[in-house]
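As they're listed, the protein sequences go chains B and Z. So the working numbering is basically just the index in the first sequence, starting at one, shifted up by 950. So the working numbering is basically just the index in the second sequence, starting at one, shifted up by 136. First the structure, in the form of structure tokens, and then the observations on it.
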Amino acid sequence: AQSVAQPEDQVNVAEGNPLTVKCTYSVSGNPYLFWYVQYPNRGLQFLLKYITGDNLVKGSYGFEAEFNKSQTSFHLKKPSALVSDSALYFCAVRDLAAAGNKLTFGGGTRVLVKP
Amino acid sequence: DTAVSQTPKYLVTQMGNDKSIKCEQNLGHDTMYWYKQDSKKFLKIMFSYNNKELIINETVPNRFSPKSPDKAHLNLHINSLELGDSAVYFCASSRRTRQETQYFGPGTRLLVL
Chain B
951 AQSVAQPEDQ VNVAEGNPLT VKCTYSVSGN PYLFWYVQYP NRGLQFLLKY ITGDNLVKGS
1011 YGFEAEFNKS QTSFHLKKPS ALVSDSALYF CAVRDLAAAG NKLTFGGGTR VLVKP
Chain Z
137 DTAVSQTPKY LVTQMGNDKS IKCEQNLGHD TMYWYKQDSK KFLKIMFSYN NKELIINETV
197 PNRFSPKSPD KAHLNLHINS LELGDSAVYF CASSRRTRQE TQYFGPGTRL LVL
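Next up, the structure:
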């Protein structure tokens, strides 16, 4: 079975400071990993994904994430946070050993960027 | 605009009623999904269809019946609504290959009274 853990319910950061949102995963095969962001009363917007290749993945709005196979982690990062980055962030995994295209989401991490 | 769209955006109804939520995508994708987001924001897949064929059914009560008239549409019909069905329901679509990104609709907020 595939699973995702986002250990922090909320992350608070001052504007201009680095932002990190943590994600760890568990799969039986190789993972495809995704980050999505949800603004209030909106649907999920895709940020970035890791499929294969370079462990550092760059995505939308200046976000990046690093795939670490040994630590089974895929933490989301942004060097300098903006107030507009305040939202709910979801990490998701797809296990290549599982049938279908099932995407399993973590519980979400609320990011609050203070001016 | 190319997108995943859902109707209605809000749905307030009484227990025991039957309701439907519609989803359409014009992204040319062949796979569509329904997700449920509960009050704690936890997001879980319910169903997945590929070219009108059901490929994922995550132990959802049989009061929930998805219907896919064609690969651009995936509707969700719910019979005998219960209080616990109150949630936000998201439709999503993607190409079938596993590395493809799923794109989400804006959600339908269902409140059962």
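Heads up, the beta-carbon is just placed ideally off N, CA and C, and yes, glycines get one too. Bear in mind the structure is a predicted one, so any value in this text is a computation, not a measurement.
DSSP puts His209/Z in a beta bridge; with which residues?
-> Translated into positions along the second sequence, residue 209/Z becomes position 73. His209/Z pairs with Glu160/Z and Asp206/Z.
Within 10 angstroms of the Cβ of Asp1045/B, are there 16 or more other Cβ atoms? Answer buried if so, exposed if not.
-> Residue numbering aside, residue 1045/B sits at position 95 when the first sequence is read from its first letter. Buried, by the Cβ-count rule.
For Ala155/Z, the residue or residues it bridges with in DSSP | Residue mapping note: residue 155/Z aligns to position 19 of the second sequence, counting from 1. Checking the sequence, you will find Lys at residue 155/Z rather than Ala. According to DSSP, which records beta bridges pairwise, Lys155/Z is partnered with Ile214/Z.
Using a C-beta to C-beta distance shorter than 7 Å, which residues of chain B count as neighbours of Lys188/Z?
-> Against the second sequence, residue 188/Z aligns to sequence position 52. By Cβ distance, chain B contributes nothing, its closest Cβ being about 15 Å from Lys188/Z, past 7 Å.
For the stretch 137-146 of chain Z and the stretch 177-197 of chain Z, state whether three or more C-beta atom pairs, one from each stretch, are separated by less than 8 Å.
-> Of all C-beta pairs linking the stretch 137-146 of chain Z to the stretch 177-197 of chain Z, fewer than three are shorter than 8 Å, placing the two stretches out of contact.
List the whole-angstrom C-beta distance separating Leu983/B from Lys999/B, where the pair is believed to meet the contact cut-off of C-beta under 8 Å.
-> For the purposes of this step, residue 983/B is taken as the residue at position 33 of the first sequence. For the purposes of this step, residue 999/B is taken as the residue at position 49 of the first sequence. Going by Cβ atoms, the distance from Leu983/B to Lys999/B rounds to 6 Å, so yes, they are a contact pair.
For Tyr1011/B, three-class secondary structure by DSSP | Locating residue 1011/B in the first sequence gives position 61, where the first residue counts as 1. DSSP places Tyr1011/B in helix when its eight states are reduced to three.
Let me know if Tyr989/B comes out buried or exposed under the rule of 16 or more other beta-carbons within 10 Å of its beta-carbon.
-> The count along the first sequence starts at 1 and reaches residue 989/B at position 39. Burial call: exposed.
Nearest CA to the CA of Leu997/B: which residue from Leu247/Z, Leu217/Z, Thr237/Z and Ile157/Z?
-> Within the first sequence, the letter at position 47 stands for residue 997/B. Among Leu247/Z, Leu217/Z, Thr237/Z and Ile157/Z, the Cα nearest to that of Leu997/B is on Thr237/Z.
Buried or exposed: where does Leu1006/B fall if 16 or more other Cβ atoms within 10 Å of its Cβ makes it buried?
-> Counting from 1 along the first sequence, the entry for residue 1006/B is found at position 56. Its Cβ having fewer than 16 others within 10 Å, Leu1006/B is exposed.
Taking C-beta to C-beta, are Leu212/Z and Ile157/Z nearer than 8 Å?
-> Locating residue 212/Z in the second sequence gives position 76, counting from the first residue. Locating residue 157/Z in the second sequence gives position 21, counting from the first residue. Cβ distance < 8 Å, so Leu212/Z and Ile157/Z count as in contact.
Report the residues of the stretch 982-1014 of chain B with a CB closer than 9 Å to any CB of chain Z, ordered along the chain.
-> Tyr982, Phe984, Tyr986, Gln988, Asn991, Arg992, Gly993, Leu994, Gln995, Phe996, Lys999, Ile1001 and Thr1002
In the structure shown, what three-state DSSP assignment does Leu219/Z receive?
-> Here residue 219/Z is taken as the residue at index 83 of the second sequence, counted from 1. Leu219/Z sits in a helix when the DSSP states are folded into three classes.
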